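**Q** Would you mind keeping the following structure in view while I ask a few things?
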Amino acid sequence: INMQEYKITCDSSLKIFSLGANSRLYSYAVDTSASDTIYAFPTGFDTYNIQENSLYYLRGSNDQAILPGVTYGNVYLYDNVSKTVRLFGDLDVNGDFRVYYDGIILDDQGYDLYLSGYNNDLRNYSPTSEIVFDGDGAQQVFAGGSFDELYLNDITVNGGGGSLDLNEVTVY
């Protein structure tokens with residue numbers, strides 16, 4: 057699904073949005089402000105059924121917001137531009153979470169991140185909240201791109217097994 061030209065909104069009750077295994081959603085929606093937020097994801101559904109190995113790409117050159125209340129598969133903050141991606145609720149990712157380019161800033165606005173995937177590239181993320189690594193297998197967190205250190209201040213590791221590999225990460 058390419059949301060560059062189309063917005064997906066549900067205005068009926070009891071509807072389900074599903075993103076199947078190995079499916080990709082490319083979103084280019086704009087976040088104009090906290091009081092007038094346009095989420096970079098289909099909105100208005102009562103239930104979201106997102107497969108763990110699906111791919112959600114937040115693309116484009118405009119600031120964006122991630123829809124809260126959804127458990128995502130893989131989330132990739134993408135495109136080699138300067139933009140801010142904001143959270144307006146906790147972010148729950150069952151797959152990998154990757155900030156792909158140095159110019160992208162993740163603004164958690166005090167909301168928590170729940171990361172279950174193996175690859176977690178947080179780049180220049182400056183957390184103001186808790187990051188919970190809750191994967192069932194091994195996980196790694198790192199600062200990719202031109203960043204060589206990642207500073208985390210409130211992490212919890214409570215997955216069902218495996219390990220958390222801190223690659224060039226400073227915890228303070």
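Mapping of the sequence shown onto my numbering: residues 57 to 228, in sequence order.
Beta carbons are placed, not taken as given, at the ideal position from N, Cα and C, and that holds for glycine.
Just so we're clear, the structure is a prediction, and the values are computed from it rather than from any experiment.
#1: Please identify the residue among Gly125, Asp158, Asn150 and Tyr128 whose C-alpha is closest to the C-alpha of Ser138.
#2: Between the C-alpha atoms of Ser182 and Gly200, what's the straight-line distance to the nearest angstrom?
#3: Can you tell me the Cα-Cα spacing of Leu75 and Phe203, whole angstroms?
#4: Going by Cα to Cα distance, which pick from Glu186, Glu108, Gly216 and Leu171 is closest to Leu208?
#5: What is the DSSP secondary structure of Val131, counted as helix, strand or coil?
#6: Taking the CB atoms as reference points, tell me whether Ile161 and Leu143 lie closer together than 8 Å.
#7: Take the Cβ of Ala194 as the centre, count every other Cβ of all protein chains shown within 10 Å, and call the residue buried at 16 or more, exposed below.
#8: Determine, using beta carbons only, whether Val149 and Tyr128 come nearer to each other than 8 Å.
**A** In this structure, then:
#1: Asp158
#2: 14 Å
#3: 32 Å
#4: Glu186
#5: strand
#6: no
#7: exposed
#8: yes
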